[in-house]
Amino acid sequence: MNMKAFDLVPAIERVSWTEKVKTVVECLESCGKNLYIGTKESFVLHYVLEEKLFAEGTVIYDSMKQNQKYLEVKKPITLLKAISALNRILLLCDGNLIVLNMFDLEIISSMTKLKGISYFCLNENPEANNPFSVEVCIAKRKQLLICHVTDDKIIHLRDVGIPEPPLAMAMDGAFVCLAFASKYVILDTETANAQELFPYDSNTTVPLVKRITKEEFLLGGPSALGMFVTTAGISERPPLQWGDSVVSVAYSHPYIIVLSADYLTVYSILDQQAKQKVTFHGGSCLDNFDGRMYVASSDIICALLPVPWEKQVQALLGDKKVAEALELAKYSNKAGLSKDQFRNVYQRIQQQAGFIEFSLLHFDEARELFHDGQLDARELISLFPDLIPGSTSFNRINPPLHDIGNVNEMCSFKEDAIASCRKFLLCFLESIRNSMDAAGSKLETDTALLKLYAEMDYPALLTFINGPDIGCQPKEGVDVLFRYERYHALALFHLKLGENDLALGIWSKIISGEYQDSHYPGLPHFINFLCKLSDHLLLWKYVEFVLERDQILGVRIFIDRPSSEPTSERLRPDYIVEYLHRYPVALLRYLEHIVFEKKLEKEKFHTHLAVMYMDRVLQIFKLAEPEQTDLNDARKDLQNLLHSSSLYRVQLLLGKASESNLHKECAILYGKLEEHEKALKILVHQLQDHDSAEDYCLRMSTGRDKKYRHRLFYALLSVYLDNTLEDHKREELLPAAIQLLNSELAEFDVTKVLQLIPSNWSVAILDQFLTRALRSSLHHRYCCKLQSSLSRGENLQVKFSKIHIENTSIVMTEERICAVCKRSFVEPSFARHSNAKISLNFYQ
Numbered sequence: 001m002n003m004k005a006f007d008l009v010p011a012i013e014r015v016s017w018t019e020k021v022k023t024v025v026e027c028l029e030s031c032g033k034n035l036y037i038g039t040k041e042s043f044v045l046h047y048v049l050e051e052k053l054f055a056e057g058t059v060i061y062d063s064m065k066q067n068q069k070y071l072e073v074k075k076p077i078t079l080l081k082a083i084s085a086l087n088r089i090l091l092l093c094d095g096n097l098i099v100l101n102m103f104d105l106e107i108i109s110s111m112t113k114l115k116g117i118s119y120f121c122l123n124e125n126p127e128a129n130n131p132f133s134v135e136v137c138i139a140k141r142k143q144l145l146i147c148h149v150t151d152d153k154i155i156h157l158r159d160v161g162i163p164e165p166p167l168a169m170a171m172d173g174a175f176v177c178l179a180f181a182s183k184y185v186i187l188d189t190e191t192a193n194a195q196e197l198f199p200y201d202s203n204t205t206v207p208l209v210k211r212i213t214k215e216e217f218l219l220g221g222p223s224a225l226g227m228f229v230t231t232a233g234i235s236e237r238p239p240l241q242w243g244d245s246v247v248s249v250a251y252s253h254p255y256i257i258v259l260s261a262d263y264l265t266v267y268s269i270l271d272q273q274a275k276q277k278v279t280f281h282g283g284s285c286l287d288n289f290d291g292r293m294y295v296a297s298s299d300i301i302c303a304l305l306p307v308p309w310e311k312q313v314q315a316l317l318g319d320k321k322v323a324e325a326l327e328l329a330k331y332s333n334k335a336g337l338s339k340d341q342f343r344n345v346y347q348r349i350q351q352q353a354g355f356i357e358f359s360l361l362h363f364d365e366a367r368e369l370f371h372d373g374q375l376d377a378r379e380l381i382s383l384f385p386d387l388i389p390g391s392t393s394f395n396r397i398n399p400p401l402h403d404i405g406n407v408n409e410m411c412s413f414k415e416d417a418i419a420s421c422r423k424f425l426l427c428f429l430e431s432i433r434n435s436m437d438a439a440g441s442k443l444e445t446d447t448a449l450l451k452l453y454a455e456m457d458y459p460a461l462l463t464f465i466n467g468p469d470i471g472c473q474p475k476e477g478v479d480v481l482f483r484y485e486r487y488h489a490l491a492l493f494h495l496k497l498g499e500n501d502l503a504l505g506i507w508s509k510i511i512s513g514e515y516q517d518s519h520y521p522g523l524p525h526f527i528n529f530l531c532k533l534s535d536h537l538l539l540w541k542y543v544e545f546v547l548e549r550d551q552i553l554g555v556r557i558f559i560d561r562p563s564s565e566p567t568s569e570r571l572r573p574d575y576i577v578e579y580l581h582r583y584p585v586a587l588l589r590y591l592e593h594i595v596f597e598k599k600l601e602k603e604k605f606h607t608h609l610a611v612m613y614m615d616r617v618l619q620i621f622k623l624a625e626p627e628q629t630d631l632n633d634a635r636k637d638l639q640n641l642l643h644s645s646s647l648y649r650v651q652l653l654l655g656k657a658s659e660s661n662l663h664k665e666c667a668i669l670y671g672k673l674e675e676h677e678k679a680l681k682i683l684v685h686q687l688q689d690h691d692s693a694e695d696y697c698l699r700m701s702t703g704r705d706k707k708y709r710h711r712l713f714y715a716l717l718s719v720y721l722d723n724t725l726e727d728h729k730r731e732e733l734l735p736a737a738i739q740l741l742n743s744e745l746a747e748f749d750v751t752k753v754l755q756l757i758p759s760n761w762s763v764a765i766l767d768q769f770l771t772r773a774l775r776s777s778l779h780h781r782y783c784c785k786l787q788s789s790l791s792r793g794e795n796l797q798v799k800f801s802k803i804h805i806e807n808t809s810i811v812m813t814e815e816r817i818c819a820v821c822k823r824s825f826v827e828p829s830f831a832r833h834s835n836a837k838i839s840l841n842f843y844q
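Encoded structure:
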């Protein structure tokens, strides 16, 4: 309890009504600089207090007695209330309510003295706002009188019955809180409804009722508790544990000041804890008079001057009582500060509190305070000397927010604590980097993040560098990444700076093993970058490096180019093919790309690809145990190219295929030369593949007319029925010939086939062929007749239309106008359109 919320300053060091005779203070009232004292001897004393403020902040009071009034009843004055708007003072003495003039202390004769009064109070929250009257609640025996006091009379409004005279009371709006001899009650003066609050023992507990805020009272409760009660009869705050011998209480937000026999104790209304304790013997009364707080003993009066809330907050922060300091700052009076000014002050307090929590390693609390206080991130970064960029011009704010030299000293060089602080800084900078809190500190923020990521979080470092707009100094960034051996990140950083050559150089060293970096994706990433690189001179610098390691992946450099890339001399297909001769696997893949995908129609590329396919087939043949699957795949690739392309050099390939006994390929090449009979003989006699022979006829006749297809199938049938063959050979081919004739896919010129078929064949053998041929012939005949009839009908319709048009007359009158230009006809020539519209001839 070492907080200082108030200073106790003497205001009047000796109260007396004569210089020689002492008096005993019973009650006080203040209005501005005027202090009124009610004494035990029935005197009212009027003093004027002047505050003198010295440069060091000390306050001294000068008091001057202005007047005094003796009531001649020799009874103590128990209660004083000033009504400044009316220049009146209400006092209670010996059961009499008396009204005095505020300045000369004379009794107002026009205002009737009320007798039998036990207590009275002002309504501090009146429902009717009348500047010329004040609402007063007066306790007279077993009644409460609600009155309006003006400058010359007391107007009785209504009265409410009560069971006994109250010992203390306070009024708020229509509600009065009363302390009877054994209980507290809330009374609605408009409806007379009373609500009992709680009992107490008046022998051990002083009855206290103090209005503290709108619709809320503080009561002296049992067990030395101060109880908060609202006009609804409920308590919304925990009670105060204020001890015994309480004499009086006062409220000055956010504090409750309790006067006991020997002490003044200050409690916070926010957490109900004692904050300050001041020795003050013989205290008799205490109250807050519109912001001026006075406490009195029997003959001494002191002022309680609130310590500025800013100083209180700083004192709490000095004791590391962060929660109390923030609560006090948030709920204290901010007189004299605009909303923006208070926000700036409060944010600074939050920043100071944040550094205190940070020094205690309470990182969650510190993060929240730094965010709410909109801390300049550089203030925090500056605690880490190795994270501050060398080019920064930042200086810490003055006066400083903390007394921390650096994090190493703060943590007493304990590595675990320092690591935790660095991790906290990383999280904090991540959270504010893209917010307004980081405005103006991008260099320091990004440099610190780069260093922390390099030290603690490599994956996050890569994400950070790949992000937009990094504010680090290039040289410092390069040095940091190289020092921490973050080579892939270093290469990406060079890319950010537009230094592609340096980036590729670093990646190539990682791939070759000169640098070690497990986070680098490897050769595929290197190739992907080269695929998109627009600097073709730089690209060729690394082509050999890539192809030496993987031809299949490496050739993608030339294949996976951007579709929008402009043509370049260095990436001409001729240039690339010539270069790739040393890399046959890459060359083959590139030729496939330009032939099949880009569909370049150049004879040399098609021929080159066909030769490479053929060489691959021959190489497999030469193996001791060739894999049949590989051989089939290789021959399939070759045959597909020979079928689909017409741009290669047929004779060259035919010579190589013939020498190597590639019969099926020879058949395809003969077909390209239109030497179909040779092709079919190879398929029938050498390969004995009748299905392929039939398929050959279909494939070669695709897109050609019917006569061409007839010719091909006739040639195949001729091969089957060749008279020059030996008898046994002809016998072997007879089923194939019959199957061909009966095939639904084969098409023939029936006349020629009948001339070719041997005369000794029975009709039964040719039953399907003849039936289909007859049906086809009849169908063709019927179609021709139908077509002829339709043509004649169409001709007749055209002739009829012509005769009808020629026999139609057109009457031209003066009213008739051109359908196009809307002008009258002045010439005999005109044009009649198909829609019967008439226009001038030149529009026709």
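Quick note on UniProt numbering: the sequence shown kicks off at 1 and runs consecutively. Cβ atoms here follow ideal geometry from the backbone N, Cα and C, with glycine treated the same way. No experiment lies behind these values; they were computed from the predicted model shown.
Cβ shell of residue i (< 6 angstroms), same chain only, five flanking positions each side left out
{"i": "Lys210", "result": "Leu218 and Val249"}
{"i": "Ala610", "result": "Leu641, Tyr648 and Leu653"}
{"i": "Arg570", "result": "His536"}
{"i": "His402", "result": "Phe355"}
{"i": "Leu492", "result": "Ile465"}
Cβ-Cβ separation, residue j to residue i (assumed contact under 8 angstroms), whole Å
{"i": "Gly46", "j": "Lys22", "result": "Sequence inspection shows His at residue 46; the Gly mentioned does not correspond to that position. With 8 angstroms as the limit, His46 and Lys22 do not qualify as a contact, their Cβ atoms being about 18 angstroms apart."}
{"i": "residue 861", "j": "Ile559", "result": "Within the shown structure, residues of the chain are numbered from 1 to 844, placing residue 861 beyond reach of any answer."}
{"i": "Ile108", "j": "Val149", "result": "Contact doesn't hold; Cβ gap of about 10 angstroms is too wide."}
{"i": "Gln351", "j": "Gly373", "result": "4 angstroms"}
Closest by C-alpha distance to residue i, when choosing among the options
{"i": "Ser393", "options": "Thr607, Ser431 and Leu443", "result": "Leu443"}
{"i": "Cys285", "options": "Ser298, Lys275, Pro389 and Ala737", "result": "Ser298"}
{"i": "Leu716", "options": "Glu747, Arg704 and Glu806", "result": "Glu747"}
{"i": "Leu687", "options": "Val798, Lys707, His663 and Cys697", "result": "His663"}
{"i": "Ala323", "options": "Ala296, Leu337, Leu270 and Thr279", "result": "Leu270"}
{"i": "His488", "options": "Glu135, Asn466, Leu449 and Pro239", "result": "Asn466"}
{"i": "Asn87", "options": "Leu461, Leu105 and Phe769", "result": "Leu105"}
{"i": "Pro173", "options": "Glu190, Ser182 and Arg158", "result": "Checking the sequence, you will find Gly at residue 173 rather than Pro. Comparing Cα positions, the closest option is Glu190."}
{"i": "His710", "options": "Asp727, Leu683, Leu740 and Asp691", "result": "Leu740"}
{"i": "Ala353", "options": "Leu369, Lys423 and Arg14", "result": "Leu369"}
{"i": "Pro238", "options": "Val24, Ala232 and Gly226", "result": "Gly226"}
{"i": "Tyr70", "options": "Leu49, Cys93 and Leu53", "result": "Cys93"}
{"i": "Val188", "options": "Gly233, Ile810 and Ile257", "result": "Note on identity: in this sequence residue 188 is Asp, with Val being the wrong assignment. Here the closest residue by C-alpha is Gly233."}
{"i": "Thr231", "options": "Ile186, Ser182, Gln273 and Cys147", "result": "Ile186"}
Bridge partner(s) assigned by DSSP for residue i
{"i": "Val149", "result": "Val134 and Ile154"}
{"i": "Gln628", "result": "According to DSSP, Gln628 bridges with nothing at all."}
{"i": "Met293", "result": "Asn288 and Leu304"}
{"i": "Leu80", "result": "Leu91"}
{"i": "Lys69", "result": "Val44"}
{"i": "Lys140", "result": "Ile117 and Gln143"}
{"i": "Phe228", "result": "Leu218"}
{"i": "Arg649", "result": "Arg649 is not bridged to any residue."}
{"i": "Glu196", "result": "Val185"}
Nonlocal neighbours in the same chain, by C-beta distance under 7 angstroms from residue i, ignoring five residues either side
{"i": "residue 901", "result": "Residue coverage of the chain in this structure runs from 1 to 844, which leaves residue 901 outside it and unanswerable."}
{"i": "Ser788", "result": "none"}
{"i": "Pro306", "result": "Ala5, Phe6 and Ser252"}
{"i": "Gln768", "result": "Asn742"}
{"i": "Ala128", "result": "none"}
{"i": "Pro166", "result": "Ser118, Tyr119, Ala139, Leu178, Ala179 and Phe180"}
Neighbourhood of residue i by C-beta distance below 8 angstroms, restricted to the same chain and skipping five residues each side
{"i": "Leu553", "result": "Leu523, Pro524, Ile527 and Val546"}
{"i": "Gln473", "result": "Pro389, Gly390, Ser391, Leu443 and Thr447"}
{"i": "Gln143", "result": "Asp159, Val160, Gly161 and Ile162"}
Handout entry: Ranges of the beta strand (DSSP E) found wholly within the region 26–53, counting only runs of at least 3
Key = 34–39 and 43–53
Problem - Ordered list of beta strand (DSSP E) runs contained in the region 359–410, each at least 3 residues - result: none
Exercise for the section: Run through the region 760–789 for me and flag every whole beta strand (DSSP E) of 3 or more residues, listed as ranges in chain order. Expected result: none
Handout entry: Segments of 3+ residues assigned as beta strand (DSSP E) that fall wholly inside the region 682–742
Key = none
Problem - Runs of alpha helix (DSSP H) wholly within the region 438–485 (minimum 4 residues, chain order) - result: 442–456, 458–466 and 474–483
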